[in-house]
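Position in the sequence shown (from 1) plus 33 gives the number in this note's numbering.
All residues carry an ideal CB built from backbone N, CA and C; glycine is no exception.
Report on one structure; see the data block that follows.
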Amino acid sequence: MKCKISQAEFAKALRACEKSLLLKANLPVLANILVSVGKNKLEILSTNLETATKVTIPSQTQQEGKITLPGRVLMEFVSQLPEGTIELEKLGEEIVLSVKGYNARFATMVPEEFPAIPKIETGREFKMEAQLFAKSASQIVFCAAQDEGRPILNGVLCEGGKNKLSMVATDGYRLGFVEMVTEGEEKATKIVIPAKSIGEVAKLIGESLAGDKEEMLKMVVSDSLNQVNFKIDNIEFTSRLIEGEFPNWQKIIPASFLTRAKIQREDLIRKIKIASIFARDSGNIVRLKLEGKKLTIMANTSQVGSNETETEIDINGKGGEIAFNFRYLLEALSAVEGEDVNFEMSESLTPGRLTPAEKQKEFFHIIMPVRLQT
34 MKCKISQAEF AKALRACEKS LLLKANLPVL ANILVSVGKN KLEILSTNLE TATKVTIPSQ
94 TQQEGKITLP GRVLMEFVSQ LPEGTIELEK LGEEIVLSVK GYNARFATMV PEEFPAIPKI
154 ETGREFKMEA QLFAKSASQI VFCAAQDEGR PILNGVLCEG GKNKLSMVAT DGYRLGFVEM
214 VTEGEEKATK IVIPAKSIGE VAKLIGESLA GDKEEMLKMV VSDSLNQVNF KIDNIEFTSR
274 LIEGEFPNWQ KIIPASFLTR AKIQREDLIR KIKIASIFAR DSGNIVRLKL EGKKLTIMAN
334 TSQVGSNETE TEIDINGKGG EIAFNFRYLL EALSAVEGED VNFEMSESLT PGRLTPAEKQ
394 KEFFHIIMPV RLQT
């Protein structure tokens, strides 16, 4: 096993594979990366048994072969090397890496101990703009539940077909929805992908494209394997799917809203952050009062004090008062693009909705209110 590869390309590939590397594992081989040298290419593969990442880079191959190497140490070593051509060679039971006077020997494990990763060759296929997927995912993925009390809520519901793909995430207290235009699959598709996997794909896109908005992302769903595979450029990311029935999320969305207000987004974020200073010791609750052409944001804690700010807004409807967890408001507002947002509500105990004032795609956040104390 012997080849020459670019230090920059190898380092970038190893960073991508870190997404699926399991550093503390009952199986020591899961802390390793499988390196396969083939004709004119080198493949590296990592897995944590939930996800797998494979990256392919060019290689000047002299002798083909495969071996597993300690992932973290290899990653740290290669990242510190100067740019140039790395020579990789298997000598006995070790792998030797050298470039411009820097040399290292790595202990190995036989490739047969590395878990077999099923290859998804056929399935329901979607293609979409990679940057659009990454942006859309980042706008809703944080709404998924963090605790494992209801595993299905740790995932993102993906529904596709007829050149569209929607993603929904909820933890029971808030919900994010986004829809994208796609190519490919026409049949209705409904799967739940772990939110962590969706987030990792978004990060891989951001790290690999460097601003290139033309690249397409391919997503292939395999029902027989209960897995989904994402491919962009020279990177493949595979994740298991979550089994179970996702809640009927549409039923929590009011059929209509009695009040709609157009609000300057950055100004609203600033005032909610100020209110949050006084809300931290009172359950993170901030109150929003819409009346006339004015929005009043209030927070108070008996041990600390109170805060109240006002801002002029465009409002349609009867107005009202409603309370939310300020963290949910801030996260939703940070996900919305544009100068202005639309805030919609009906009653103090019905959900509120945030959408961009300038609609560019189907996208909204629903936030459940907190009961107002009288």
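**Prompt:** Expressed to the nearest angstrom, what Euclidean distance is found between the alpha-carbon atoms of S230 and N187?
**Reply:** To locate residue 230, count along the sequence shown from 1; it is residue 197. To locate residue 187, count along the sequence shown from 1; it is residue 154. Between S230 and N187, the C-alpha separation is close to 10 Å.
**Request:** Identify whether Y206 lies in helix, strand or coil by the three-state DSSP scheme.
**Result:** For this step, residue 206 is matched to residue 173 along the sequence shown. Y206: coil per DSSP, three-state reduction.
**Chain-order list of residues whose beta-carbon lies under 7 Å from that of E370 (same chain, five-residue window excluded)** = Working through the sequence shown from its first residue, we reach residue 370 at position 337. Here the set comprises P389.
**Prompt:** Does DSSP put D373 in a helix, a strand or coil?
**Reply:** Here residue 373 refers to the residue found at position 340 when the sequence shown is read from its first residue. If DSSP states are grouped into helix, strand and coil, D373 belongs with the strands.
**Asked** Taking the C-alpha atoms as reference points, what is the distance between I238 and K351?
**Response** Within the sequence shown, numbered from 1, the residue matching residue 238 stands at position 205. Within the sequence shown, numbered from 1, the residue matching residue 351 stands at position 318. Cα-Cα distance, rounded: 44 Å.
**Message:** Please list the terminal residues of the continuous beta strand (DSSP E) segment that includes G353.
**Reply:** Here residue 353 refers to the residue found at position 320 when the sequence shown is read from its first residue. Segment G353 to N358, the beta strand (DSSP E) holding G353.
**Asked** Just to confirm, does F376 get its C-beta within under 7 Å of one of the non-hydrogen atoms of the ligand GTP?
**Response** No copy of the ligand GTP appears in this structure; indeed no ligand is present at all.
**Prompt:** Along the chain, where does the alpha helix (DSSP H) that runs through L47 open and close?
**Reply:** The count along the sequence shown starts at 1 and reaches residue 47 at position 14. Looking at the DSSP string, the run of the alpha helix (DSSP H) that includes L47 is Q40 to C50.
**Request:** Could you please give the first and the last residue of the uninterrupted beta strand (DSSP E) stretch that includes L137?
**Result:** Locating residue 137 in the sequence shown gives position 104, counting from the first residue. Contrary to the premise, residue 137 reads as Ala rather than Leu in this sequence. Y135 to A140 is the extent of the beta strand (DSSP E) around A137.
**E240 to P287 span [Cα, whole Å]** = As a working note, residue 240 is residue 207 in the sequence shown. As a working note, residue 287 is residue 254 in the sequence shown. Rounded to the nearest angstrom, the two C-alpha atoms are 38 Å apart.
**Asked** Buried or exposed: which applies to T118, given that a residue is buried once 16 or more other Cβ atoms fall within 10 Å of its Cβ?
**Response** Your numbering for residue 118 matches position 85 in the sequence shown. Per the 10 Å Cβ criterion, exposed.
**Asked** Just the Cα atoms here: how many angstroms apart are L54 and A178?
**Response** By 1-based counting over the sequence shown, the position of residue 54 is 21. By 1-based counting over the sequence shown, the position of residue 178 is 145. So the alpha carbons of these two residues sit roughly 23 Å apart.
**Request:** For L328, count neighbouring C-beta atoms within 10 Å of its own C-beta (all shown protein chains included) and say buried if the count is 16 or more, exposed if not.
**Result:** For the purposes of this step, residue 328 is identified with residue 295 of the sequence shown, where counting begins at 1. L328 is buried by the Cβ-count criterion.
**Prompt:** Since E377 and R293 are thought to touch, with beta carbons under 8 Å apart, how far apart are those beta carbons, to the nearest angstrom?
**Reply:** Your numbering for residue 377 matches position 344 in the sequence shown. Your numbering for residue 293 matches position 260 in the sequence shown. About 5 Å; that satisfies the 8 Å criterion.
**Request:** Can you say whether R313 is buried or exposed, counting buried as having 16 or more other CB atoms within 10 angstroms of its CB?
**Result:** Along the sequence shown, one-based indexing puts residue 313 at 280. Flag for R313 reads exposed.
**Asked** Are the stretch 64-81 and the stretch 91-107 touching by the rule of at least three beta carbon pairs closer than 8 Å?
**Response** yes
**Asked** Considering only C-alpha positions, which residue in the set K264, E97 and S289 is nearest to M161?
**Response** One-based indexing of the sequence shown puts residue 161 at position 128. Comparing Cα-Cα distances from M161 to each of K264, E97 and S289, the minimum goes to K264.
**Message:** Does D300 come out as helix, strand or coil in the three-state DSSP assignment?
**Reply:** Taking the sequence shown and counting its residues from 1, the one referred to as residue 300 is at position 267. Correct three-state label for D300: helix.
**Request:** Just mark L60 as buried or exposed, buried being the case when its beta carbon has 16 or more other beta carbons within 10 Å.
**Result:** As a first step, residue 60 is located in the sequence shown; it is residue number 27 there, counting from the start. Exposed.
**Asked** Can you list, in chain order, the stretches of the beta strand (DSSP E) that have 3 or more residues and sit fully within the stretch 158-245?
**Response** 188-194, 197-203, 207-214 and 222-227
**Message:** Taking a contact to mean a Cβ-Cβ separation below 8 Å, would you say F357 touches A308 in this structure?
**Reply:** Counted from its first residue, the sequence shown places residue 357 at position 324. Counted from its first residue, the sequence shown places residue 308 at position 275. No, the pair does not count as a contact, with Cβ atoms beyond the cut-off.
**One or two residues paired with K284 in a DSSP bridge** = One-based indexing of the sequence shown puts residue 284 at position 251. Paired residue(s): none; K284 is not in a bridge.
**Item:** I150 versus E233 - alpha carbon distance
**Value:** Sequence index remark: in the sequence shown, residue 150 carries index 117 (1-based). Sequence index remark: in the sequence shown, residue 233 carries index 200 (1-based). I150 and E233: Cα-Cα distance of roughly 18 Å.
**Request:** Confirm, please, whether the CB-CB distance from K37 to Q96 is below 8 Å.
**Result:** As a working mapping, residue 96 is identified with position 63 in the sequence shown. As a working mapping, residue 37 is identified with position 4 in the sequence shown. Not closer than 8 Å, so no.
**Anticipated Cβ contact below 8 Å, T141 with C176, distance rounded** = Along the sequence shown, one-based indexing puts residue 141 at 108. Along the sequence shown, one-based indexing puts residue 176 at 143. The Cβ separation is near 43 Å, so there is no contact.
**Message:** So, for E145: in the same chain, excluding its five sequence neighbours on each side, which residues have a beta-carbon less than 6 Å away from its beta-carbon?
**Reply:** The residue you call residue 145 lines up with position 112 of the sequence shown. Same-chain partners within the cutoff: there are none.
**Item:** Cut-off 8 Å between Cβ atoms - residues of its own chain near E299, not counting five sequence neighbours on either side
**Value:** Position 266 of the sequence shown, counted from the first residue, corresponds to residue 299. Taken in chain order, the residues that qualify are E372.
**Asked** Nearest-angstrom Cα distance between L250 and I226?
**Response** Residue mapping note: residue 250 aligns to position 217 of the sequence shown, counting from 1. Residue mapping note: residue 226 aligns to position 193 of the sequence shown, counting from 1. Approximately 16 Å between the Cα atoms of the pair.
**Request:** Give the range of the beta strand (DSSP E) segment to which S339 is assigned.
**Result:** Taking the sequence shown and counting its residues from 1, the one referred to as residue 339 is at position 306. G338 to E345 is the span of the beta strand (DSSP E), which, as asked, contains S339.
**Asked** Do you know offhand how far E341's Cα is from I355's?
**Response** In the sequence shown, the residue the question calls residue 341 occupies position 308. In the sequence shown, the residue the question calls residue 355 occupies position 322. One alpha carbon belongs to E341, the other to I355, and they sit about 14 Å apart.
**Request:** Could you spell out the range, first to last residue, of the beta strand (DSSP E) harbouring S272?
**Result:** As a working note, residue 272 is residue 239 in the sequence shown. First-last of the beta strand (DSSP E) with S272: I268 to R273.
**Request:** Would you mind reading off the limits of the alpha helix (DSSP H) that contains F279?
**Result:** Here residue 279 is taken as the residue at index 246 of the sequence shown, counted from 1. From DSSP, F279 is part of no alpha helix (DSSP H); its letter is neither H nor E.
**Asked** How big is the Cα-Cα spacing for L124 and K152?
**Response** Along the sequence shown, one-based indexing puts residue 124 at 91. Along the sequence shown, one-based indexing puts residue 152 at 119. If you draw a straight line from the Cα of L124 to the Cα of K152, it is about 30 Å long.
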